[in-house]
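Student: The structure that follows is given in the form of structure tokens.
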Amino acid sequence: MKELGTRALSGLLYVSLLIASLFWQHALIVLFFIFGIVCLAEFKKLIQLKSFWPYPVFASLYFGFAYWKLFSETSTGFNEASQILLVITIFVQLILIKDLFSEKTIPLFSTKRFIITTFYLSSSFVFLICIGNFNQEFTPLLLLGSFILIWINDTFAYLVGKNFGKQKLFPSISPKKTVEGFLGGLFFSCIGSYFIANFTDTLSFTNWLILSIIISVFGTLGDLIESKFKRQANVKDSGVIMPGHGGLLDRLDSIIFAASFIFLFLRIVTYVS
305 MKELGTRALS
315 GLLYVSLLIA
325 SLFWQHALIV
335 LFFIFGIVCL
345 AEFKKLIQLK
355 SFWPYPVFAS
365 LYFGFAYWKL
375 FSETSTGFNE
385 ASQILLVITI
395 FVQLILIKDL
405 FSEKTIPLFS
415 TKRFIITTFY
425 LSSSFVFLIC
435 IGNFNQEFTP
445 LLLLGSFILI
455 WINDTFAYLV
465 GKNFGKQKLF
475 PSISPKKTVE
485 GFLGGLFFSC
495 IGSYFIANFT
505 DTLSFTNWLI
515 LSIIISVFGT
525 LGDLIESKFK
535 RQANVKDSGV
545 IMPGHGGLLD
555 RLDSIIFAAS
565 FIFLFLRIVT
575 YVS
């Protein structure tokens, strides 16, 4: 009971910080920068990367895109730069998906460690802040809706899997995850998209529905990839910063991986419309 209370309290603090930051753009940028630094420290430890360079690389990418208009005094070049970063990020993520299914362990030679920290982790936080500032306008409800869909997916994947799960989804990496749990999370995320579309004036129901599928699929893949990194490192959690939950990376792994695909979909919707 005490552990459950500790877990609930740390989870409530995390959610409260996130929601409170949505009322002010600069607070959101600062909060996600702190989240990014913590996750980067946890991830570097997982992959045994001792170099200090990922921190300045992350800070440069993050603040460069977050304050592009302030630094350059114009939006010119932002779309082109974000597209280049998006292509590289998704390419690296597809390699990680390939490694998840085809390799017993994810290869972690020195060059790949730098590439992964930059284009798996650092750039994902860039896209999270770009979602919250889509088209150079503060759009916190897009980001909040994406987080809500992740929370719905994770919650119902756990509940459905625990009560009805029979067929293992990926037993060699995450023995507790089941196919029934994944489908349950996906189903309730789709339902959640209806309410998000009706209570926010951001995207149509169809677009939120597609986003719920993207978030469920790629969020689950992100969770599995982080689980594989932890298994290779022979640890249960990425850190201890959130009592009862583990590390911050453990809580953000799904949305981190899904962020680039969310941003890609939003760009496609904008282009088509």
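Residue numbers (my numbering): 305 to 577. Don't be surprised by glycine CBs; every beta carbon is placed ideally from N, CA and C.
#1: Check whether the segment 562-570 and the segment 422-440 touch, using three or more Cβ-Cβ pairs below 8 Å as the test.
#2: Consult DSSP for leucine 326 and reduce its assignment to one of helix, strand or coil.
#3: Checking the sheet assignment: what are the DSSP bridge partners for histidine 474?
#4: Phenylalanine 362: which of Leu344, Lys349 and Gln352 sits nearest, CA to CA?
#5: Just to check my reading of the structure: threonine 421 and glutamine 536 have Cβ atoms closer than 8 Å, yes? What is that Cβ distance to the nearest angstrom?
#6: Please state the DSSP three-state secondary structure of glycine 550.
#7: Can you tell me which of Val483, Phe442, Thr504 and Leu487 puts its alpha carbon nearest to the alpha carbon of glycine 449?
#8: Output needed for leucine 473: all residues of its chain with C-beta closer than 6 Å, excluding positions within five of it in sequence on either side, in chain order.
#9: Using beta-carbon positions only, say whether valine 342 and isoleucine 559 come within less than 8 Å of one another.
#10: DSSP three-state call for glycine 523: helix, strand or coil?
#11: Comparing C-alpha positions only, which one of Ile433, Gly488, Ile399 and Phe347 sits nearest to phenylalanine 468?
#12: Among the candidates His330, Glu384, Leu316 and Lys349, whose CA atom is the shortest distance from the CA of valine 539?
#13: Assuming isoleucine 401 is part of the alpha helix (DSSP H), what are its boundary residues?
#14: Taking only the alpha-carbon atoms, compute the straight-line gap between leucine 445 and leucine 507 and give it to the nearest angstrom.
#15: Check whether the Cβ atoms of leucine 453 and serine 497 lie closer than 8 Å to each other.
#16: Are the beta-carbon atoms belonging to phenylalanine 451 and phenylalanine 492 less than 8 Å from one another?
#17: Measure the C-alpha to C-alpha separation of phenylalanine 414 and isoleucine 388 and round it to an integer number of angstroms.
#18: My understanding is that tyrosine 318 touches arginine 555, with C-beta atoms under 8 Å, so please give their C-beta distance in whole angstroms.
#19: State the start and end residues of the unbroken alpha helix (DSSP H) segment that holds threonine 415.
#20: Using a threshold of 8 Å, state whether the C-beta atoms of glutamine 329 and phenylalanine 442 are closer than that.
#21: Quick one: grab the DSSP three-state call for tyrosine 371.
#22: Are the beta-carbon atoms belonging to isoleucine 333 and isoleucine 477 less than 8 Å from one another?
#23: On the criterion of 16 or more Cβ atoms from any shown chain inside 10 Å, does leucine 316 qualify as buried, or is it exposed?
#24: Output the boundary residues of the alpha helix (DSSP H) element that contains lysine 466.
#25: Determine the DSSP secondary structure at phenylalanine 356, reduced to helix, strand or coil.
#26: My assumption, with CB atoms under 8 Å, is that leucine 515 sits in contact with cysteine 494. Please give the rounded CB distance.
Tutor: With the structure as the only source:
#1: yes
#2: coil
#3: Per the sequence presented here, residue 474 reads as phenylalanine, with histidine not at that position. In DSSP, phenylalanine 474 forms a bridge with Ser478.
#4: The option with the nearest alpha carbon to phenylalanine 362 is Leu344.
#5: So it is not a contact: roughly 15 Å between Cβ atoms.
#6: strand
#7: Thr504
#8: Cβ within range, chain order: Lys481, Thr482, Val483 and Phe486.
#9: no
#10: helix
#11: Looking at the Cα atoms, Gly488 is the closest of the given residues.
#12: Lys349
#13: 382-406
#14: 10 Å
#15: With contacts defined by Cβ atoms closer than 8 Å, leucine 453 and serine 497 form a contacting pair.
#16: no
#17: It should be pointed out that residue 414 corresponds to serine in this sequence rather than to phenylalanine. Near 23 Å, if we compare the C-alpha coordinates of isoleucine 388 and serine 414.
#18: 6 Å
#19: 414-420
#20: yes
#21: coil
#22: Taking C-beta atoms as the reference points, isoleucine 333 and isoleucine 477 fail to come closer than 8 Å.
#23: exposed
#24: Counting along the chain, the alpha helix (DSSP H) containing lysine 466 begins and ends at 444-468.
#25: coil
#26: The pair is not a contact, with the Cβ atoms about 10 Å apart (cut-off 8 Å).
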